[in-house]
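Numbering of the sequence shown is given in the numbering used here, commencing with residue -3 and proceeding in unit increments.
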Amino acid sequence: MTYYPTPRPPAPRSGADVAISIVVLVLTAVMGAVAAFLGVFSLAFLDHCPPETCSVDGAVSAVFTALMVAAGVGVTGLVLTVVALVRRATAWPYALGTFALCALTLFLGVLGYGAAVG
């Protein structure tokens, strides 16, 4: 007779971890949407930009590079957070790291835009 051990039940899911992860990821998405709106809005009024002190191409490049990198970081962080939640591991550090890296990326984009516009 072969003995098969009973499978262990999955680890309990932390409600606080799930809630914190979801809230931080939603805040990250809202931050990205606001940044996209403000970035495109700031580019709409570059027609008064004097060519001696202002680079329209640099401003466009800074805004769109920051938005694309932040979107990539956001999607990667979302995937890592969801994978951690499915595995029932602690996920909130991934969500918080995603928020922080997206905020840093967008801040660097603002600095790049400021440097290009003068």
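Cβ atoms here follow ideal geometry from the backbone N, Cα and C, with glycine treated the same way. Note that the coordinates shown come from a computational prediction; the quantities given were computed from them, not determined experimentally.
Please classify Val71: is it buried, with 16 or more other beta-carbons within 10 angstroms of its beta-carbon, or exposed?
exposed
Does DSSP put Phe41 in a helix, a strand or coil?
coil
Less than 9 Å separating the beta-carbons of Val75 and Ala87?
no
Take Leu102 and list the residues in its own chain whose beta-carbon comes closer than 6 Å to its own, dropping the five residues that flank it on each side.
Ala31, Ala62, Ala66
Rounded to whole angstroms, what's the CA-CA distance from Val20 to Thr49? Just pull it up for me.
39 Å
Cβ shell of Val56 (< 7 Å), same chain only, five flanking positions each side left out:
Leu39
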